[in-house]
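Visitor: Quick one: this structure, given as structure tokens, is what I'll be asking you about.
There are 2 protein chains.
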Amino acid sequence: MPLRLDSRDADFPAAFTALVDARREADEDVSRDVSAILKRVRAEGDAALADYTARFDRHDLNVSGWAVTPAECRAALEGISGDLRDALELAAARITAYHEKQKPQDSDGVDSAGVRLGARWSAVDAAGLYVPGGRAAYPSSLLMNVIPARVAGVSRIAMVTPTPDGEINPLVLAAAQIAGIEEIWRVGGAQAVAALAYGTDRIRPVDVITGPGNAWVAEAKRQLYGVVGIDMVAGPSEIVVVADAKNDPEWIAADLLSQSEHDPTSQSILFTDDTAFADAVAAAVERQIPRLSTHAVAATSWAANGAIVLVRDFDEAMPLVDRLAPEHLELAVDDPEALFAQVRHAGSVFLGRMTPEAVGDYVAGPNHVLPTGRRARFSSGLSVLDFMKRTSFLSLDQSAIHAIGPAAVALARAEGLPAHAASVALRLQ
Amino acid sequence: MPLRLDSRDADFPAAFTALVDARREADEDVSRDVSAILKRVRAEGDAALADYTARFDRHDLNVSGWAVTPAECRAALEGISGDLRDALELAAARITAYHEKQKPQDSDGVDSAGVRLGARWSAVDAAGLYVPGGRAAYPSSLLMNVIPARVAGVSRIAMVTPTPDGEINPLVLAAAQIAGIEEIWRVGGAQAVAALAYGTDRIRPVDVITGPGNAWVAEAKRQLYGVVGIDMVAGPSEIVVVADAKNDPEWIAADLLSQSEHDPTSQSILFTDDTAFADAVAAAVERQIPRLSTHAVAATSWAANGAIVLVRDFDEAMPLVDRLAPEHLELAVDDPEALFAQVRHAGSVFLGRMTPEAVGDYVAGPNHVLPTGRRARFSSGLSVLDFMKRTSFLSLDQSAIHAIGPAAVALARAEGLPAHAASVALRLQ
Numbered sequence: 025m026p027l028r029l030d031s032r033d034a035d036f037p038a039a040f041t042a043l044v045d046a047r048r049e050a051d052e053d054v055s056r057d058v059s060a061i062l063k064r065v066r067a068e069g070d071a072a073l074a075d076y077t078a079r080f081d082r083h084d085l086n087v088s089g090w091a092v093t094p095a096e097c098r099a100a101l102e103g104i105s106g107d108l109r110d111a112l113e114l115a116a117a118r119i120t121a122y123h124e125k126q127k128p129q130d131s132d133g134v135d136s137a138g139v140r141l142g143a144r145w146s147a148v149d150a151a152g153l154y155v156p157g158g159r160a161a162y163p164s165s166l167l168m169n170v171i172p173a174r175v176a177g178v179s180r181i182a183m184v185t186p187t188p189d190g191e192i193n194p195l196v197l198a199a200a201q202i203a204g205i206e207e208i209w210r211v212g213g214a215q216a217v218a219a220l221a222y223g224t225d226r227i228r229p230v231d232v233i234t235g236p237g238n239a240w241v242a243e244a245k246r247q248l249y250g251v252v253g254i255d256m257v258a259g260p261s262e263i264v265v266v267a268d269a270k271n272d273p274e275w276i277a278a279d280l281l282s283q284s285e286h287d288p289t290s291q292s293i294l295f296t297d298d299t300a301f302a303d304a305v306a307a308a309v310e311r312q313i314p315r316l317s318t319h320a321v322a323a324t325s326w327a328a329n330g331a332i333v334l335v336r337d338f339d340e341a342m343p344l345v346d347r348l349a350p351e352h353l354e355l356a357v358d359d360p361e362a363l364f365a366q367v368r369h370a371g372s373v374f375l376g377r378m379t380p381e382a383v384g385d386y387v388a389g390p391n392h393v394l395p396t397g398r399r400a401r402f403s404s405g406l407s408v409l410d411f412m413k414r415t416s417f418l419s420l421d422q423s424a425i426h427a428i429g430p431a432a433v434a435l436a437r438a439e440g441l442p443a444h445a446a447s448v449a450l451r452l453q
Numbered sequence: 025m026p027l028r029l030d031s032r033d034a035d036f037p038a039a040f041t042a043l044v045d046a047r048r049e050a051d052e053d054v055s056r057d058v059s060a061i062l063k064r065v066r067a068e069g070d071a072a073l074a075d076y077t078a079r080f081d082r083h084d085l086n087v088s089g090w091a092v093t094p095a096e097c098r099a100a101l102e103g104i105s106g107d108l109r110d111a112l113e114l115a116a117a118r119i120t121a122y123h124e125k126q127k128p129q130d131s132d133g134v135d136s137a138g139v140r141l142g143a144r145w146s147a148v149d150a151a152g153l154y155v156p157g158g159r160a161a162y163p164s165s166l167l168m169n170v171i172p173a174r175v176a177g178v179s180r181i182a183m184v185t186p187t188p189d190g191e192i193n194p195l196v197l198a199a200a201q202i203a204g205i206e207e208i209w210r211v212g213g214a215q216a217v218a219a220l221a222y223g224t225d226r227i228r229p230v231d232v233i234t235g236p237g238n239a240w241v242a243e244a245k246r247q248l249y250g251v252v253g254i255d256m257v258a259g260p261s262e263i264v265v266v267a268d269a270k271n272d273p274e275w276i277a278a279d280l281l282s283q284s285e286h287d288p289t290s291q292s293i294l295f296t297d298d299t300a301f302a303d304a305v306a307a308a309v310e311r312q313i314p315r316l317s318t319h320a321v322a323a324t325s326w327a328a329n330g331a332i333v334l335v336r337d338f339d340e341a342m343p344l345v346d347r348l349a350p351e352h353l354e355l356a357v358d359d360p361e362a363l364f365a366q367v368r369h370a371g372s373v374f375l376g377r378m379t380p381e382a383v384g385d386y387v388a389g390p391n392h393v394l395p396t397g398r399r400a401r402f403s404s405g406l407s408v409l410d411f412m413k414r415t416s417f418l419s420l421d422q423s424a425i426h427a428i429g430p431a432a433v434a435l436a437r438a439e440g441l442p443a444h445a446a447s448v449a450l451r452l453q
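What follows is the structure, given as structure tokens:
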């Protein structure tokens with residue numbers, strides 16, 4: 025049974041705080057294992073990759089091949105149904121259109137002191153994309169990671185993906201073909217992330233690594249943050265649905281289950297102002313679970329991490345939602361705009377009754393790689409900016425340095441940095 | 025003696041690669057110490073802070089006081105010279121003006137499928153600023169960190185700074201007063217970073233932590249990345265100066281030394297196309313060093329990490345500079361614009377002979393917190409964006425979900441996620 029809270033209860037503040045503070049992230053101490061893997065790949069390169077792949081994925085890269093060939097990707101795309109191909113192409117086109125609007129503007133101008141000041145954005149040279157094998161091998165994730173890099177103007181995109189027992193998901197290859205990825209390595213885990221960061225004889229190093237993965241992959245990215253750029257520290261997926269009694273309980277139940285079915289650690293939380301509606305949604309969830317092919321995961325996740333929070337009204341709900349800073353937030357009410365105006369922290373917000381979160385997972389356009397575990401307090405979904413960097417620039421002439429140089433000399437001297445002061449003072453003579 | 029390389033030499037490629045790959049970052053294994061400090065502060069809060077402060081900074085917080093009072097800051101500002109106050113105020117005004125232009129634009133619109141799509145930026149609730157004590161207690165750094173947070177709209181800014189033996193730099197307090205900081209805690213080191221991230225009874229937690237520090241502080245920020253947002257993984261400062269023979273060797277020598285004097289691990293590199301000029305700069309550096317109050321640091325840094333690279337021409341230099349991806353790049357040539365067009369990776373670029381890097385450290389306006397250690401390949405200087413996050417949003421009506429919903433259903437089914445499919449399909453009935 026999921027947690028059930030009522031804001032009218034005396035113990036509500038403590039119980040809600042416990043919900044906010046509950047950690048759903050793997051407490052597994054993988055950091056030592058990962059650190060050893062990174063060191064070994066850095067020292068031994070491809071030999072370490074081959075060894076780890078034999079051990080964890082049970083195939084010999086020197087037999088099965090290190091790379092997926094373009095011909096395999098073309099064949100995979102030709103092998104899927106027309107409907108699916110159309111769906112992938114619609115998704116790619118819409119994601120591209122949304123991300124095009126994220127491209128930052130350069131600036132350049134001369135101010136009243138005669139100082140020229142500006143900023144110039146440019147793409148990183150190379151991006152590495154991790155694509156999981158197994159349960160979480162999602163072509164939609166591939167598109168969501170590659171397209172922002174493409175829009176940013178990244179010229180080289182290298183993908184890594186584990187192929188357990190040599191098998192690879194053809195839908196992922198079809199998506200790779202649509203996204204135009206030409207470099208795909210059949211390696212996974214922390215070792216693949218290390219190869220992308222440090223480079224090996226076969227795999228040239230990249231500048232930024234993005235993409236979802238298990239606890240080892242996430243920890244590898246965290247440890248290599250600074251050697252390369254990374255997208256974010258990602259945790260289990262989550263949704264908060266704010267819904268009034270005018271919604272169809274079946275719809276809201278499906279929305280909650282669309283997170284629960286991801287992983288046993290996923291979290292789905294309903295906020296509602298109506299007890300009977302809360303009961304109806306809870307009943308609909310129980311009815312729907314057995315019909316899902318993902319029922320085992322969904323049932324575990326809903327029972328362990330699901331919650332229904334009964335509030336007096338939605339003005340009371342919104343500050344509570346902000347404390348959760350959810351990855352996904354559905355506002356299924358008559359006037360979602362009014363509630364959205366009160367939201368400070370959320371990764372992505374789905375406005376109104378006809379906007380289920382899943383439409384954003386696939387085809388709406390915004391990125392589905394979003395901050396989890398309350399990180400929407402300080403971070404944003406994946407974007408074009410994650411694949412770009414900004415160079416500031418300035419230029420002074422004789423008049424400009426006379427205008428602002430003396431202040432620099434005064435501050436440098438006060439900070440005890442005489443060469444700083446001299447480099448300006450010499451030009452003022 | 026600094027390294028001297030000539031691109032005409034047969035061993036140049038290998039020698040330059042060695043220069044690029046040389047690590048100047050502390051190899052000291054502080055990660056275990058830091059991890060223990062973080063755990064203890066998380067568990068014991070203020071008691072741990074008091075204990076570490078007694079041990080490392082040699083004063084008792086319960087006697088000397090936990091916080092710096094607003095009165096102390098006002099007194100510090102009143103105690104400095106008018107020139108210095110004017111310089112700080114000019115710096116603050118110019119830094120504010122530059123960062124105002126970084127404020128991102130929200131987006132909101134309806135596309136041809138009838139889908140409303142947008143993105144809304146908002147500030148984090150609270151930012152924590154680390155200000156070092158001792159050698160690197162720079163009021164300029166304080167301004168460079170606080171002002172972007174203020175411009176972003178952060179409502180709470182909490183500063184931490186160690187006060188070894190109870191002493192605090194009055195110039196830092198004066199800058200804090202100018203920047204309007206009202207919350208200053210007299211704690212430093214990894215323990216202060218932990219307090220900002222986790223919160224204690226006295227210090228409420230923040231969402232983003234920025235500011236320079238020693239190896240312990242840097243490692244604490246790295247380990248807490250994900251619990252909070254951080255500015256960047258920072259390493260020793262560095263400058264590359266590209267200069268032709270028309271420059272005054274004394275000016276260029278001072279520019280090189282303005283990095284060398286920061287820290288023994290700092291790096292200054294000159295690229296020039298003229299042997300005699302290279303010799304003249306080298307001689308000027310040797311002449312200037314003994315005159316500096318920072319001569320011991322500058323001499324060590326220049327000898328250990330300095331380099332002069334002789335190139336045939338500057339078109340040859342620019343790809344080499346890009347491999348270094350320097351924090352600071354001075355282009356002291358007749359047509360700096362032409363060289364700047366070739367730069368792909370640099371934190372900040374200083375165009376022309378009258379633009380010494382030090383002017384950017386203090387009063388020009390762009391941020392002086394910049395990526396080091398080749399990280400300009402993938403990251404940017406501190407900006408308003410580091411204190412903001414973006415929430416994407418979308419809204420579909422019945423017509424829009426009929427336009428794009430079927431593709432979402434197809435993809436969800438292909439990915440084996442039936443609740444995702446159901447949440448859309450139910451709304452299509």
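Sequence lines, in order, name chains E and U. Counting in the working numbering, the first sequence tops out at residue 453, every number present. Counting in the working numbering, the second sequence tops out at residue 453, every number present. Note that beta-carbon positions come from the ideal geometry of N, C-alpha and C, so glycine has one too. No experiment lies behind these values; they were computed from the predicted model shown.
(1) Pick from E/G371, E/F411, E/T379 and E/G157: whose alpha carbon is nearest that of E/V393?
(2) Tell me where the beta strand (DSSP E) around E/W275 begins and ends.
(3) Going by DSSP, name the residue or residues bridged to E/M412.
(4) Whole alpha helix (DSSP H) runs in the segment 88-138 of chain E with 4 or more residues, listed along the chain?
(5) Verify the CB distance criterion: does E/V134 have a CB-CB separation below 7 Å to chain U?
(6) Just to confirm before moving on: does the CB-CB distance between U/A445 and U/A431 stay below 7 Å?
(7) Give the single residue among U/H83, U/A198, U/V148 and U/I293 whose Cα lies nearest to the Cα of U/R28.
(8) Quick one: list the residues of chain U neighbouring E/R12, beta-carbon separation under 8 Å, in chain order.
(9) Around the C-beta of U/A284, are 16 or more other C-beta atoms found within 10 angstroms, so that it is buried, or is it exposed?
(10) Who are the near neighbours of E/A341 in its chain, counting only those whose CB is closer than 7 Å to its CB and skipping five residues on each side?
(11) Using a Cβ-Cβ distance under 7 Å, would U/G223 count as near chain E?
(12) Starting from the beta carbon of E/A454, find every residue of chain U whose beta carbon is closer than 8 Å, and list them in chain order.
(13) Taking 7 Å as the threshold (C-beta atoms), are E/V196 and E/A424 in contact?
(14) Assuming E/A150 contacts E/V230 (C-beta within less than 8 Å), just tell me the rounded distance between them.
(15) With a CB to CB cut of under 6 Å and the five nearest residues on each side skipped, what residues in its chain are close to U/F417?
(16) Rounded to whole angstroms, what is the Cα-Cα separation between E/L31 and E/V54?
(17) Is E/Q453 helix, strand or coil when you go by DSSP?
(18) Would you say the segment 72-79 of chain E touches the segment 356-369 of chain E, given that touching needs at least three Cβ pairs under 8 Å?
(19) Quick check for students: name the residue ranges of the beta strand (DSSP E) that lie wholly in the segment 307-383 of chain U, counting only runs of 3 or more.
(20) Just to make sure I have the definition right: I need the residues of chain E whose C-beta is within less than 8 Å of the C-beta of U/R401. Which are they?
(21) I want to verify the contact list: residues of chain U whose CB lies under 7 Å from the CB of E/D421, in sequence order.
(22) Listing by chain order, which chain E residues have their CB less than 8 Å from the CB of U/Y249?
(23) Which residues of chain U have a Cβ atom closer than 7 Å to the Cβ of E/Y162, listed in chain order?
(24) For the alpha helix (DSSP H) containing U/F80, list its first residue and its last residue.
(25) At a cut of 8 Å, does the segment 190-208 of chain U reach the segment 94-105 of chain U through at least three beta carbon pairs?
(26) Based on Cα-Cα distance, which residue from U/Q422, U/S404 and U/P390 lies nearest to U/M164?
(27) What does the alpha-carbon distance come out to for the pair E/S317 and E/S325?
(28) Name the chain U residues that come within less than 7 Å of E/D107, Cβ to Cβ?
(29) Taking C-beta to C-beta, are U/R377 and U/N238 nearer than 7 Å?
(30) For the beta strand (DSSP E) containing U/E262, list its first residue and its last residue.
(31) If we count the other Cβ atoms within 10 Å of its Cβ and call it buried at 16 or more, is E/S105 buried or exposed?
(32) Restricting to Cα atoms, I'd like to know which of E/D298, E/S261 and E/F338 is closest to E/N329.
(33) Using the beta-carbon of each residue, which ones in chain E are nearer than 7 Å to U/T278?
(34) Along the segment 314-339 of chain U, what residues have a CB closer than 8 Å to any CB found in chain E?
(35) Taking a contact to mean a Cβ-Cβ separation below 7 Å, would you say U/W275 touches E/L353 in this structure?
(36) Can you pull the DSSP bridge partners for U/E475?
Guide: Walking through what the data contain:
(1) On the first sequence, position 369 is the one that residue 393 of chain E refers to. Ranking E/G371, E/F411, E/T379 and E/G157 by Cα distance to E/V393 puts E/G371 first.
(2) Within the first sequence, the letter at position 251 stands for residue 275 of chain E. Premise fails: E/W275 lies in the alpha helix (DSSP H), P273 to S284, not in any beta strand (DSSP E).
(3) In the first sequence, counting from the first residue as 1, residue 412 of chain E sits at position 388. Per DSSP, E/A147.
(4) Taking only runs of at least 4 residues, the alpha helix (DSSP H) segments lying wholly in the segment 88-138 of chain E are 94-103 and 106-124.
(5) Residue mapping note: residue 134 of chain E aligns to position 110 of the first sequence, counting from 1. Judged by the 7 Å Cβ criterion, E/V134 is not in contact with chain U.
(6) Taking the first residue of the second sequence as position 1, residue 445 of chain U is located at position 421. Taking the first residue of the second sequence as position 1, residue 431 of chain U is located at position 407. Not in contact: U/A445 and U/A431 (Cβ atoms no closer than 7 Å).
(7) Here residue 28 of chain U is taken as the residue at index 4 of the second sequence, counted from 1. The shortest Cα separation from U/R28 among U/H83, U/A198, U/V148 and U/I293 belongs to U/I293.
(8) Coverage of chain E is limited to positions 25 through 453, which leaves residue 12 of chain E absent and any answer about it impossible.
(9) Along the second sequence, one-based indexing puts residue 284 of chain U at 260. This sequence places Ser at residue 284 of chain U; Ala is not what is there. It is buried - the Cβ of U/S284 has at least 16 other Cβ atoms within 10 Å.
(10) Here residue 341 of chain E refers to the residue found at position 317 of the first sequence. Within the same chain, Cβ atoms closer than 7 Å to the Cβ of E/A341 are found at V266, F295 and V335, the five residues on either side in sequence being excluded.
(11) Looking up residue 223 of chain U in the second sequence gives position 199. Under the Cβ distance rule, U/G223 does not count among the residues neighbouring chain E, no pair being separated by less than 7 Å.
(12) Lying outside 25 to 453, the shown extent of chain E, residue 454 of chain E is not represented and no answer is given.
(13) Looking up residue 424 of chain E in the first sequence gives position 400. Looking up residue 196 of chain E in the first sequence gives position 172. Taking 7 Å as the Cβ cut-off, E/A424 and E/V196 do not qualify as a contacting pair.
(14) By one-based count along the first sequence, residue 150 of chain E stands at place 126. By one-based count along the first sequence, residue 230 of chain E stands at place 206. Rounded to whole angstroms, the Cβ separation of E/A150 and E/V230 is 4 Å, and the two are in contact under 8 Å.
(15) As a first step, residue 417 of chain U must be located in the second sequence, where it is residue number 393. Contacts found: G142.
(16) Translated into positions along the first sequence, residue 31 of chain E becomes position 7. Translated into positions along the first sequence, residue 54 of chain E becomes position 30. Leu is not the amino acid found at residue 31 of chain E; the sequence shown has Ser there. Those two C-alpha atoms are separated by around 38 Å.
(17) For the purposes of this step, residue 453 of chain E is taken as the residue at position 429 of the first sequence. Annotated three-state conformation of E/Q453 is coil, per DSSP.
(18) The segment 72-79 of chain E is not in contact with the segment 356-369 of chain E.
(19) The qualifying runs are 331-334, 352-356 and 372-375.
(20) As a position in the second sequence, residue 401 of chain U is number 377, starting the count at 1. Residues of chain E with a Cβ closer than 8 Å to the Cβ of U/R401 are, in chain order, V148, D149, D231 and K413.
(21) Along the first sequence, one-based indexing puts residue 421 of chain E at 397. Chain-ordered, the chain U residues with CB closer than 7 Å to the CB of E/D421 read M378.
(22) Indexing the second sequence from 1 puts residue 249 of chain U at position 225. Chain E residues near U/Y249: R246, Y249 and V257.
(23) For the purposes of this step, residue 162 of chain E is identified with residue 138 of the first sequence, where counting begins at 1. Chain U residues near E/Y162: E439.
(24) If you number the second sequence from 1, residue 80 of chain U lands on position 56. Counting along the chain, the alpha helix (DSSP H) containing U/F80 begins and ends at D70 to D81.
(25) Taking 8 Å as the limit for Cβ pairs, the verdict is that the segment 94-105 of chain U does touch the segment 190-208 of chain U.
(26) For this step, residue 164 of chain U is matched to residue 140 along the second sequence. Before going further, note that residue 164 of chain U is Ser rather than Met in the sequence given. That would be U/P390, whose Cα lies nearest to the Cα of U/S164.
(27) Indexing the first sequence from 1 puts residue 317 of chain E at position 293. Indexing the first sequence from 1 puts residue 325 of chain E at position 301. So the two alpha carbons sit approximately 14 Å from each other.
(28) Position 83 of the first sequence, counting from 1, holds the residue named residue 107 of chain E. The contacting residues are A434.
(29) In the second sequence, counting from the first residue as 1, residue 377 of chain U sits at position 353. In the second sequence, counting from the first residue as 1, residue 238 of chain U sits at position 214. Between U/R377 and U/N238, the C-beta spacing is not below 7 Å.
(30) Numbered from its first residue, the second sequence carries residue 262 of chain U at position 238. Following the DSSP letters along the chain, one finds U/E262 inside the beta strand (DSSP E) bounded by residues E262 to A267.
(31) On the first sequence, residue 105 of chain E is found 81 positions in, with the first residue counted as 1. Exposed, because fewer than 16 other Cβ atoms sit within 10 Å of the Cβ of E/S105.
(32) As a working note, residue 329 of chain E is residue 305 in the first sequence. Of the candidates E/D298, E/S261 and E/F338, the one whose C-alpha sits nearest the C-alpha of E/N329 is E/S261.
(33) Along the second sequence, one-based indexing puts residue 278 of chain U at 254. For the record, residue 278 of chain U in the displayed sequence is Ala; it is not Thr. Within chain E, the residues near U/A278 are A443, A446, S447 and L450.
(34) Here the close residues are R315, L316, S317, T318 and A322.
(35) The residue given as residue 275 of chain U occupies position 251 in the second sequence. The residue given as residue 353 of chain E occupies position 329 in the first sequence. No.
(36) Since the displayed chain U opens at 25 and closes at 453, residue 475 of chain U lies outside it and no answer follows.
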